[in-house]
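J.: One structure coming up, written as C-alpha cells, with questions to follow.
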Amino acid sequence: MAQMNTNDTAGMNISDDDLLKLGVKELNKLLKSLSPENRTKLKRRRRILKNRGYAANCRTKRMSQKELLQMEKEKLESDVKNLASQKQMLKIKLDSINERYKDLQHYVSILKTNNN
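In the numbering used here, the protein residues as written are 1254 to 1369.
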C-alpha cells in the first residue's frame, strides 16, 4: 500500500512510492549523496514504508485464510449434519431388521415346537 506522499525528510522531494520502488543500487547511489543524518532519515522512512506494505499483505493473507477456514468449517458442519441424518436412517433400518429377525426366530421356535 504505497502512498504518494512526498518525503521531504532528507531534504529531497521523493514520493513514498518512488522511495519504495528504488532498487538497492539506486538507493545506495542516492544515499551516498546525502548527509549521514539525512541518510538515516531516508533509510528509516523506507523501512517504515516497507513494513507498512508487509503488514498490509499479512492482513490480506490473514483475511483470505480466515474466509477459507470459515468456508471449510461450514462444509464440515454440513457434512456432520448429513452424517448424523444417515446415522439416524441406518439406525431405523437396523432396528427394523432386528425386529424382523426376532419375529423370524419366534416363528422358527413355534415351528420347532409344532413339529415335535
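Cβ atoms here follow ideal geometry from the backbone N, Cα and C, with glycine treated the same way.
Going by beta-carbon coordinates alone, are L1273 and R1312 separated by less than 9 Å?
T.: No, the pair does not count as a contact, with Cβ atoms beyond the cut-off.
J.: Which one or two residues does DSSP pair with S1317 in a beta bridge?
T.: According to DSSP, which records beta bridges pairwise, S1317 is partnered with nothing at all.
J.: What's the gap between the Cα of M1257 and the Cα of N1266?
T.: With a pLDDT of 49 at M1257, under the threshold of 50, the modelled position of that residue is not reliable, and the figure given next carries that caveat. Using only the alpha carbons, I get a separation of about 11 Å.
J.: For D1270, which of R1292, I1301, K1285 and L1287 has the nearest alpha-carbon?
T.: The shortest Cα separation from D1270 among R1292, I1301, K1285 and L1287 belongs to I1301.
J.: Leaving aside the five residues before and after M1254 along the sequence, list all residues of the same chain whose C-beta is less than 7 Å from its C-beta, in chain order.
T.: For M1254, the predicted model reports a pLDDT of 45, less than 50, meaning its position is unreliable; a value from the coordinates is still stated below. For M1254, where only same-chain residues beyond five positions count, the Cβ hits under 7 Å are R1305, G1306 and A1309.
J.: Using a threshold of 9 Å, state whether the C-beta atoms of L1287 and L1275 are closer than that.
T.: Not in contact: L1287 and L1275 (Cβ atoms no closer than 9 Å).
J.: Would you kindly work out how many angstroms separate the C-alpha atoms of K1314 and N1335, rounded to a whole number?
T.: So the alpha carbons of these two residues sit roughly 31 Å apart.
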